[in-house]
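K.L.:
Every position in the sequence shown, counted from 1, becomes a number in the numbering used here once 1 is added.
Glycine included, every Cβ here is placed at the ideal spot set by N, Cα and C.
Just so you know, these numbers come straight off a predicted model, no measurement behind them.
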Amino acid sequence: MVSNTGAYSNLLEEREEVVEHLLQNTPELRPRNLAKNNSFDMRKYYKLILVAVTLISLLFFIFYKTQYDKLYNVLQVLEFYGTNKESGALTPNASDPSCPKLNLFLEDYNRRESDPLPTWKSLNDNLWIYSAYCPEAHCSMAMALALAKEEAISIQELHCQLWHAQSATGVEGILAVEKISQVNGDNATSSSFSSYILTCENKYPSIVTHGVSFYTKSNSVFLQIGGADEEPLSESISLCLAPQKDHHDSTYVMLENVIWHHIFGVNNFYIYDGGSSKKFFTNVNSIGIRSHFTFLPWNLPLEIASREEALNLIKMDCHLRSIKKFQTFTLLELHQILVPKSTKSLVDEFESFIPKDSKHLKVPLLRFCAEYPEKNEDIAVTALSINMYYAPLSSSISLAHRYASNHINTSKAPNDKDDGLKEISKNIISVHDYSPCNKFDIDLNSPETVKDNTIATKFKSEFKRKYNNLFPHKDL
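What follows is the structure, encoded as structure tokens:
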């Protein structure tokens with residue numbers, strides 16, 4: 002019994018020694034494995050969070066980069082065009098109604114300029130066509146304006162076709178030729194260029210045309226038709242400005258013309274552009290006036306016609322372009338200004354003093370000789386320096402005027418020499434012409450030299466207050 006007890010005790014001691022040995026020499030495997038598993042799970046979470054932060058940062062970077070590029074582009078535009086801070090005007094933008102519009106399609110201001118821009122097209126060396134219009138509401142005929150030699154306008158050799166949207170080929174039209182006017186008189190020859198109206202009438206009046214082509218055996222030209230049927234704007238005035246006569250810089254002459262007419266209430270201009278300078282466009286954009294400008298290219302390739310014949314064609318183009326859009330319109334040279342005499346506004350002047358049955362008017366043209374300034378103004382503005390006109394050199398200029406209910410002949414522009422024009426008193430409206438009088442010997446004290454202070458008395462302070470910084474200053 003004793004030996005059994007001793008054996009059991011030895012067995013227990015050996016077991017304890019084995020356990021102690023195991024405790025001392027065997028690593029703690031389970032706790033260490035748990036720690037490793039926990040560390041691996043944490044690293045997965047850290048990587049997931051890092052990826053999420055990276056993606057969010059990338060999205061924010063792309064968003065802010067896009068916005069920065071937009072802002073940078075805006076700043077580049079402002080740097081190029083300026084901000085108008087010097088003139089005290091707000092920077093014009095596309096939605097600002099005070100921003101001058103240059104050949105834009107307008108939805109919210111006055112009208113939409115939808116007529117195609119004209120350009121010279123040559124059928125041959127003796128026939129150049131500029132533009133084409135539809136004079137009637139249903140547009141069954143087209144009227145084209147051309148400069149040509151008489152020998153080139155032969156109905157036997159020249160033909161026309163009218164085009165409409167549903168046809169792949171043109172419809173043969175009936176051609177008629179009419180000379181706008183003969184300014185050369187007895188000196189005209191068959192080799193002289195004259196201004197013509199080429200009318201192409203549809204044999205099928207129900208077809209509405211959108212283009213016209215003129216052709217001979219060897220060549221043809223195509224023109225889009227302008228002059229869609231529209232109701233004229235109420236109390237609206239439009240001015241067509243003729244191209245400059247030579248290659249001298251016309252920046253300030255054109256700018257002065259536009260500003261004076263804006264003061265007088267004219268906000269629609271067709272400018273036949275013979276070489277406008279960048280300076281003019283810069284100044285127009287800095288004015289901040291509510292006006293619509295349409296620049297029409299006048300790029301006659303050769304000196305093929307006299308100035309008078311070219312103006313005849315331009316006057317007819319102005320007539321056909323304006324007749325269905327405006328109540329009152331005329332063609333002026335850059336140095337001519339239409340001036341109201343009893344009120345500040347030309348619209349009010351026409352409304353108050355012109356008979357409602359008038360269609361064509363004859364307005365006095367007063368010659369303020371540019372060689373004889375009486376005042377030494379501090380800025381180079383012609384109309385502020387000259388207030389004397391010479392009566393013997395004065396004449397008249399025609400102007401189309403109608404009310405909405407009046408019918409006016411769309412196919413004929415008024416001629417300055419027509420006897421049927423309604424004459425307007427120079428005390429109501431007149432055209433001030435500030436061109437040179439060809440060194441004519443004028444006596445400023447002569448009864449034939451008449452003083453007119455309309456501009457200097459009524460409008461000088463407004464002009465100098467708003468537009469003084471746009472013109473060169475002189476040292477007095």
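Sort Ile-260, Ser-10, Ser-397, Ile-305 by Cα distance to Ser-123 and report the nearest one.
P.N.:
Counting from 1 along the sequence shown, the entry for residue 123 is found at position 122. Ser-123 has its Cα closest to that of Ile-305, out of Ile-260, Ser-10, Ser-397, Ile-305.
K.L.:
For Ala-90, collect the residues of the same chain with a Cβ closer than 6 Å to its Cβ; drop the 5 residues on either side in sequence, then sort them by chain order.
P.N.:
Translated into positions along the sequence shown, residue 90 becomes position 89. Since pLDDT at Ala-90 reaches only 38, below the 50 mark, its modelled position is unreliable, and the value read off the structure follows with that caveat. Once the five neighbours on either side are set aside, the close Cβ partners of Ala-90 are Gly-289.
K.L.:
With DSSP as the reference, label Glu-202 as helix, strand or coil.
P.N.:
Walking along the sequence shown from the start, residue 202 turns up at place 201. Note: Glu-202 maps to strand in three-state DSSP.
K.L.:
Assuming Glu-424 and Lys-363 make a contact with CB atoms under 8 Å, what is their CB distance in whole Å?
P.N.:
Position 423 of the sequence shown, counting from 1, holds the residue named residue 424. Position 362 of the sequence shown, counting from 1, holds the residue named residue 363. About 5 Å separates the two Cβ atoms, so the contact holds.
K.L.:
Whole angstroms are fine: how far does the CA of Pro-365 sit from the CA of Ile-398?
P.N.:
Mapped onto the sequence shown, residue 398 falls at position 397. Mapped onto the sequence shown, residue 365 falls at position 364. Spanning the two alpha carbons is a distance of roughly 6 Å.
K.L.:
Considering only C-alpha positions, which residue in the set Ala-371, Ser-219, Lys-326, Tyr-468 is nearest to Ile-260?
P.N.:
Working through the sequence shown from its first residue, we reach residue 260 at position 259. When only C-alpha atoms are compared, the closest one is Tyr-468.
K.L.:
What number of angstroms, rounded off, separates the C-alpha of His-263 from the C-alpha of Phe-270?
P.N.:
Taking the first residue of the sequence shown as position 1, residue 263 is located at position 262. Taking the first residue of the sequence shown as position 1, residue 270 is located at position 269. C-alpha separation (whole angstroms): 10 Å.
K.L.:
Around the C-beta of Val-54, are 16 or more other C-beta atoms found within 10 angstroms, so that it is buried, or is it exposed?
P.N.:
Within the sequence shown, numbered from 1, the residue matching residue 54 stands at position 53. Looking at its Cβ environment, which holds fewer than 16 other Cβ atoms inside 10 Å, Val-54 is exposed.
K.L.:
Please list the terminal residues of the continuous beta strand (DSSP E) segment that includes Arg-368.
P.N.:
Walking along the sequence shown from the start, residue 368 turns up at place 367. Its beta strand (DSSP E) spans residues 361 to 368.
K.L.:
Going by DSSP, what residue range makes up the beta strand (DSSP E) through Tyr-435?
P.N.:
Position 434 of the sequence shown, counting from 1, holds the residue named residue 435. Run containing Tyr-435: none; DSSP gives neither H nor E here.
K.L.:
Whose C-beta lies closer than 8 Å to the C-beta of Phe-472 among residues of the same chain, with five residues either side of it excluded?
P.N.:
On the sequence shown, residue 472 is found 471 positions in, with the first residue counted as 1. Tyr-253, Leu-256, Glu-257, Ile-380, Ala-381, Val-382, listed in sequence order.
K.L.:
Please tell me whether Phe-194 and Ala-149 are closer than 8 Å, where the distance is taken between their beta carbons.
P.N.:
The residue given as residue 194 occupies position 193 in the sequence shown. The residue given as residue 149 occupies position 148 in the sequence shown. Cβ distance < 8 Å, so Phe-194 and Ala-149 count as in contact.
K.L.:
Is the beta carbon of Val-222 closer than 8 Å to that of Ile-130?
P.N.:
Position 129 of the sequence shown holds residue 130. Position 221 of the sequence shown holds residue 222. Yes, the Cβ-Cβ distance between Ile-130 and Val-222 is below 8 Å.
K.L.:
Is the beta carbon of Ile-208 sitting closer than 8 Å to the one on His-165?
P.N.:
As a working note, residue 208 is residue 207 in the sequence shown. As a working note, residue 165 is residue 164 in the sequence shown. Result yes, Cβ atoms of Ile-208 and His-165 sit closer than 8 Å.
K.L.:
Between which two residues does the alpha helix (DSSP H) containing His-336 stretch?
P.N.:
The count along the sequence shown starts at 1 and reaches residue 336 at position 335. Unbroken run through His-336: none, as it is neither H nor E.
K.L.:
Tell me which residues share the same chain as Pro-374 and place their Cβ nearer than 7 Å to its Cβ, disregarding the 5 neighbours each side in the sequence.
P.N.:
Within the sequence shown, numbered from 1, the residue matching residue 374 stands at position 373. Answer for Pro-374: Ser-386, Ile-387, listed in chain order.
K.L.:
Around the C-beta of Ile-427, are 16 or more other C-beta atoms found within 10 angstroms, so that it is buried, or is it exposed?
P.N.:
Translated into positions along the sequence shown, residue 427 becomes position 426. Note that residue 427 is Lys in the sequence shown here, rather than Ile. Its Cβ being crowded by 16 or more others within 10 Å, Lys-427 is buried.
K.L.:
How would you call Arg-480, buried or exposed, if buried means at least 16 neighbouring beta carbons within 10 angstroms?
P.N.:
Here the chain has residues from 2 to 477 only, and residue 480 is not among them.
K.L.:
Taking only the alpha-carbon atoms, compute the straight-line gap between Asn-446 and Pro-437 and give it to the nearest angstrom.
P.N.:
Translated into the one-based positions of the sequence shown, residue 446 becomes position 445. Translated into the one-based positions of the sequence shown, residue 437 becomes position 436. Straight-line Cα distance between these residues: approximately 19 Å.
K.L.:
Does DSSP classify Lys-326 as helix, strand or coil?
P.N.:
Taking the sequence shown and counting its residues from 1, one reaches residue 326 at position 325. If DSSP states are grouped into helix, strand and coil, Lys-326 belongs with coil.
K.L.:
DSSP on Ala-145, reduced to helix/strand/coil?
P.N.:
In the sequence shown, residue 145 corresponds to position 144, counting from 1. Strand, per DSSP.
K.L.:
Could you tell me which residues DSSP pairs with Asp-274 in its beta bridges?
P.N.:
Start at 1 with the first residue of the sequence shown, and residue 274 comes out as number 273. In DSSP, Asp-274 forms a bridge with Pro-298.
K.L.:
Identify which residue in Ser-168, Ala-169, Glu-151, Gly-174 has its Cα closest to the Cα of Cys-161.
P.N.:
Looking up residue 161 in the sequence shown gives position 160. Cα-wise, what sits closest to Cys-161 is Gly-174.
K.L.:
What span of residues does the alpha helix (DSSP H) with Trp-261 cover, start to end?
P.N.:
Start at 1 with the first residue of the sequence shown, and residue 261 comes out as number 260. That run of the alpha helix (DSSP H) goes 252 to 264.
K.L.:
Would you mind reading off the limits of the alpha helix (DSSP H) that contains Glu-350?
P.N.:
Against the sequence shown, residue 350 aligns to sequence position 349. Unbroken alpha helix (DSSP H) run through Glu-350: 347 to 354.
K.L.:
For Phe-223, list the residues DSSP reports as bridge partners.
P.N.:
In the sequence shown, counting from the first residue as 1, residue 223 sits at position 222. Phe-223 is bridged to Ser-214.
K.L.:
Could you pull the DSSP bridge partners for Cys-161 from this structure?
P.N.:
Translated into the one-based positions of the sequence shown, residue 161 becomes position 160. Answer is Phe-215, bridged to Cys-161.
K.L.:
Could you check where the alpha helix (DSSP H) with Val-285 kicks off and where it finishes?
P.N.:
The residue you call residue 285 lines up with position 284 of the sequence shown. Segment 279 to 288, the alpha helix (DSSP H) holding Val-285.
K.L.:
Please state the DSSP three-state secondary structure of His-320.
P.N.:
Residue 320 sits at position 319 when you count from the first residue of the sequence shown. It is helical.
K.L.:
Report all residues from its chain with a CB closer than 7 Å to the CB of Ser-406; omit the five preceding and five following residues, and keep chain order.
P.N.:
By 1-based counting over the sequence shown, the position of residue 406 is 405. Note that Ser-406 has pLDDT 40, beneath the 50 cutoff, so the model's placement of it is unreliable and the number below is only indicative. No residues qualify anywhere along the chain.
K.L.:
To the nearest angstrom, how far is the alpha carbon of Leu-163 from that of Ser-278?
P.N.:
Reading the sequence shown from its first residue, position 162 is the one you call residue 163. Reading the sequence shown from its first residue, position 277 is the one you call residue 278. Taking the straight line joining both Cα atoms gives about 38 Å.
K.L.:
Does the Cβ of Trp-299 have 16 or more other Cβ atoms within 10 Å, making it buried, or fewer, making it exposed?
P.N.:
Along the sequence shown, one-based indexing puts residue 299 at 298. Buried, because 16 or more other Cβ atoms sit within 10 Å of the Cβ of Trp-299.
K.L.:
Going straight from the alpha carbon of Leu-35 to that of Ile-50, what length do you get?
P.N.:
Counting from one through the sequence shown, the residue named residue 35 turns up at place 34. Counting from one through the sequence shown, the residue named residue 50 turns up at place 49. Because Leu-35 carries a pLDDT of 48, less than 50, the predicted location of this residue cannot be relied on, and the following value inherits that uncertainty. Whole-angstrom Cα-Cα distance: 23 Å.
K.L.:
Could you compute how far the alpha carbon of Ala-147 sits from the alpha carbon of Cys-241?
P.N.:
Your numbering for residue 147 matches position 146 in the sequence shown. Your numbering for residue 241 matches position 240 in the sequence shown. Looking at the two C-alpha atoms, the distance is approximately 18 Å.
K.L.:
Start and end of the alpha helix (DSSP H) containing Ala-457?
P.N.:
Translated into the one-based positions of the sequence shown, residue 457 becomes position 456. Looking at the DSSP string, the run of the alpha helix (DSSP H) that includes Ala-457 is 455 to 459.
K.L.:
Using three-state DSSP, classify Glu-304 as helix, strand or coil.
P.N.:
Here residue 304 refers to the residue found at position 303 when the sequence shown is read from its first residue. If DSSP states are grouped into helix, strand and coil, Glu-304 belongs with coil.
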